[in-house]
Amino acid sequence: MAVFNLTHSDPSTFILIGIPDLETAHIWISIPFSMLYIIGLLVNFMVLFVVGKEQTLHKPMYLLLCMLALTDIGSSTSIMPMALCIFWFNLKGITVGGCFTQMFFIHMFSVMQSAVLMAMAFDRYVAICNPLRYATVLTNARIAKLGLVGLIRAVLLMLPLPLLLSRQPFCANHIIPHTYCEHIAVVKMSCGDTTVNRTYGLVVAFVVTGLDLTLVALSYSLIIRAILRISSKKAYEKALNTCTAHLCVMLTSFTLFFFSALTHRFGQHVSLHVHIILANLFFLLPPILNPIIYGVKIKELRDKVGKYTCRR
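Residue numbers 2 to 313, in the working numbering, belong to the letters of the sequence shown in order.
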């Protein structure tokens, strides 16, 4: 409590409450949260290790899978260390600069993940609709360039968020009812005109999500048209199976995202602690589910992972 009062009086510090109304249960909540975080790190680092070690996996699809693993690691690591400090040690204070930095990385990794999922849809489109040109269209160097473009886009789009907020005056109440510094939660603490901040955040969210989902939908409409033209049942099933893993990952990621977002926007009758728990699970579940989905659906990756785990 002494730490809380000290940081509350400091204008350069924000207070992260954690999960409101469940403060007494923080230590118990931290057990599943920390387990999910550790498992997510382990399975994603395993994917990175196996793909890095195996020359036969140095292909565009697996490079994209590594990019997805990196974004999953980055997004979960952006929130969990601070959340666990709150749960375990009651360290609720975070500097304004630290809060803005965390907010930037949280949203940057989310935008980057969206770009990787879009690139994966394009990869599947080329593999099914133009299989003879796949090796020339999607080279490893081109995939690396796509990843770099996605990273630059994420940085340029998210950098204005903390820059705009740094010019805002903040009220005496520096308490954030959350486990991490989410953009709209920080904006609500400002005493100034936040129209530009709110508008920019909303426009970027709609533009990024809308553009990426539109391109993914376009890719899959062309893929479905190509699959329906296949006469051989075996070739039809093989083509369909190549898209299953990516579709499952898309459904997992965007279902959790929209469920959390809609609950936050329109779930006035849903308790605040439910909002916070859902928001945390949005960053904790995909890092576990994505490698499992690809491991189950892609035999080559499953065999290589099995080789190293059995050897250990």
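Backbone N, C-alpha and C define an ideal beta-carbon position, used for all residues, glycine too. This structure is a prediction, so every number in the text was calculated from the model and none was measured.
Proximity of residue i and residue j at Cβ, strictly below 8 Å
i    : j    : result
I74  : P288 : yes
H276 : L23  : no
C130 : A227 : yes
V250 : L118 : yes
I320 : F88  : The question about residue 320 has no answer here: the residues shown for the chain are numbered 2 through 313.
A120 : L149 : no
K169 : T195 : Reading off the sequence, residue 169 comes out as Gln, not Lys. Yes, the Cβ-Cβ distance between Q169 and T195 is below 8 Å.
Spatial neighbours of residue i in its chain, beta-carbon cut-off 7 Å, leaving aside the 5 residues before and after
i    : result
I185 : G202
Y38  : S77, M81, L285
M159 : F105, H108, M109, V112
C244 : R125, I224
Counterpart residues of residue i in DSSP-defined beta bridges
i    : result
T14  : T96
F171 : S191
Reduced DSSP category for residue i - H, G, I as helix; E, B as strand; rest coil
i    : result
I177 : strand
S76  : helix
S1   : Residue 1 is absent from the model: the chain starts at 2 and stops at 313.
S233 : coil
S191 : strand
R247 : Before going further, note that residue 247 is His rather than Arg in the sequence given. Helix, per DSSP.
I185 : helix
L219 : helix
S272 : coil
E55  : coil
K308 : helix
P287 : helix
N198 : helix
D213 : helix
L23  : coil
Neighbourhood of residue i by C-beta, 6 Å cutoff - its chain only, sequence neighbours within 5 removed
i    : result
V48  : A70, P292
V127 : Y135, V138, L139
V217 : M119, A122
H175 : F15, I16
Close-in-space but distant-in-sequence residues of the same chain around residue i (CB under 8 Å, 5 per side omitted)
i    : result
R199 : I185, V188
A145 : L64
Inset, instruction - Could you tell me which uninterrupted alpha helix (DSSP H) segments, each at least 4 residues in length, are contained entirely in the stretch 114-150, listed from first to last along the chain? - result: You should have 135-138.
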